[in-house]
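**Q**
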Amino acid sequence: MSKREYQVCSNCVMDTSDSKIVFDEKGVCDHCHNFYENIKPNWNPEGNPEELQRLIDKIKKDGQGKKYDCLIGLSGGVDSSYVAYCAVRKWGLRPLIFAVDTCWNLEVADKNIEKIINKLGVDVHYEKINHDEMMDLQLAFFKSQVPYQDTPQDHNIFAALYNFAAKNGFKHILTGGNYSTECVREPNEWVHENDITLIKDIHKKFGKKSMDHLQLCGMFKYRLYYRYFKGVELHKVLDLIRYKKAEVIDELKREFNWEPYANKHFESVFTRFYEGYWLPKKFGYDKRRAHFSSLILTGQLDRKEALEILKNPPYSEEIAMQDMEFICKEMGISVEEFKKLMEQENKTYKDYKNGYKYIHWARNLAKIFGIERRNIR
C-alpha cells in the first residue's frame, strides 16, 4: 500500500497525520465542512441568553433547600476557570468546586485553582488519585505503545467527577466543553478515550498493581444509569454565551491574576510531555493542529499565524527531557528504559480489547439527537 502524499487543509491546519482526512477539490478538509454544515448553523457564537436563563432557573429550582445547586470540575485551565467565575459572579449559582490532584499538576494550575476558589469564596472538594496505582497504570499504557497516554488520568478525573455527583445527589454538572475552542475534535487514532474495556485489558497485560483505588465509569453507567436513573445532567454552558479565548483570558487575568498555560491542556507535567513529546516524536501527531483549527474556524486565530507556530515543536527539548526524567522517576523506571519503550512498534487501541463499537454507537446516537455535532471518527 503506497504512502499517502502529504497534504494540509487549505482552510484550517489539519493534515494527513489524520489518516482518514478527506479533502475536496479546493483542498478543504472534512473537519471544515462539518463545521460549516453541522455546527455553525446550530450554534450562535454570541450566545443564547434565553436558553441560558432557562438553564439557570432550572438549576436554582432543583437546588432549592440544598447547600449547593451544581458541581463544577476545576482544573485551573481557561475553560473551567471561566465556568466557575460565571456561575458565581454572573449567574448567581451556588456551586461546589471539584478539583483533582492527579499527581502531575503544575504549580501554575494549583495556583490558578487557589485564586479562583479564594476570590469567589466557594467550597471545594479535593479528590486525590492513588499515586502508586496511577503510576502503574500509566506505565502500563506506555508499554502498550498506544498514542493516547492520557487515558488513565483523564478517565479517572472524569469518573471521579461523575461518581461523586451521583453519590452525593448532584443533578447538574457544569463543564467547560465548548464549540468556540473545540469544534475540531482530534481523530480517534490520536485520541481514544473513556474506554474502560481498553483500560482493563492494557492493565491486565502490562500492569503489576491493582486498580482497586482508581475510579472507573463506563459509557452505559454515565450516559444511561447516571443520566436517566440518577438524574445527573452535564451542561456545556460556554456554548450559551459569547466565548472568545483571548477576551476570556484577559478577563480572568483582571479578576483573579490568573496565569495562562503555554498550550491547551498544559496544566499537567504528564499531559505536557505526552502531547508535546510522545505524540509528535513517536507518532507524528500534533494536537495543536486540532486546537488551532478550532480557533481558525471560529475567527480567533489567523491560519498563517498558526502555520508559523506549528513550525516549532510544542515545547523545548530541554524542558521535555526534564519532564521525561521526572516522569520516569515517578513511575520507577530509568530514562534509558523509557527511551527503549519509545523505540518499540507503535500500536493502536485496535490491538487490544476495546469498547469502540459501543462508544461509536453512542456517538452516532448523540449526533442523531443533536447532542454531538463534531466530526468524530
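My numbering puts the first residue of the sequence shown at 521, with every later residue one more than the last. Even for Gly, the Cβ is constructed at its ideal location relative to N, Cα and C.
1. Would a C-beta distance cut-off of 7 Å place F618 and H645 closer than the cut-off?
2. On the DSSP letters alone, give me the boundaries of the alpha helix (DSSP H) that D550 sits inside.
3. Leaving out five residues on either side along the sequence, give the residues of the same chain with a beta carbon under 6 Å from the beta carbon of F786.
4. Tell me the DSSP secondary structure of Y781 in three-state form.
5. With H, G and I counted as helix, E and B as strand and the rest as coil, what does DSSP make of F690?
6. Looking at the structure shown, is P615 part of a helix, part of a strand, or coil, going by DSSP?
7. What is the residue span of the beta strand (DSSP E) that L754 lies within?
8. Quick check for students: name the residue ranges of the alpha helix (DSSP H) that lie wholly in the stretch 800–869, counting only runs of 4 or more.
9. Just reading off the beta strand (DSSP E) that H651 is part of, what are its end residues?
10. Find the nearest neighbour of N683 within the set I847, Y602, L591 and D544, judged by alpha-carbon distance.
11. Is G593 helix, strand or coil when you go by DSSP?
12. Can you tell me whether DSSP reads N632 as helix, strand or coil?
13. Compare the Cα-Cα distances from I839 to each of E713, G875 and V789 and report the closest residue.
14. Who are the Cβ neighbours of P780 in its own chain at under 6 Å, not counting the five residues just before and after it?
15. Given that a residue counts as buried once 16 or more other Cβ atoms are within 10 Å of its Cβ, and exposed if not, what is K807?
16. Is it buried or exposed, N698, if we count other Cβ atoms within 10 angstroms and call 16 or more buried?
17. Give every residue of the same chain whose Cβ lies closer than 6 Å to the Cβ of E660, excluding the five residues on either side of it in the sequence, and list them in chain order.
18. T622 to P672, Cα distance in whole Å?
19. Using a 10 Å radius around the Cβ and a threshold of 16 neighbouring Cβ atoms, would you call D643 buried or exposed?
**A** Working from what's here:
1. yes
2. First-last of the alpha helix (DSSP H) with D550: D550 to N554.
3. R792
4. If DSSP states are grouped into helix, strand and coil, Y781 belongs with coil.
5. When secondary structure is reduced to three states using DSSP, F690 falls in the coil class, being assigned neither helix nor strand.
6. strand
7. E753 to K756
8. 808–817, 823–830, 837–851 and 855–863
9. Here H651 belongs to no beta strand (DSSP E); instead the alpha helix (DSSP H) covers H651 to S664.
10. The shortest CA-to-CA distance from N683 to any of I847, Y602, L591 and D544 is the one to L591.
11. Three-state DSSP puts G593 in a strand.
12. helix
13. V789
14. I769
15. buried
16. buried
17. A quick correction: the sequence has Ala, not Glu, at residue 660. Taken in chain order, the residues that qualify are I722, H723, F726 and G727.
18. 10 Å
19. With fewer than 16 other beta carbons inside 10 angstroms of its own, D643 counts as exposed.
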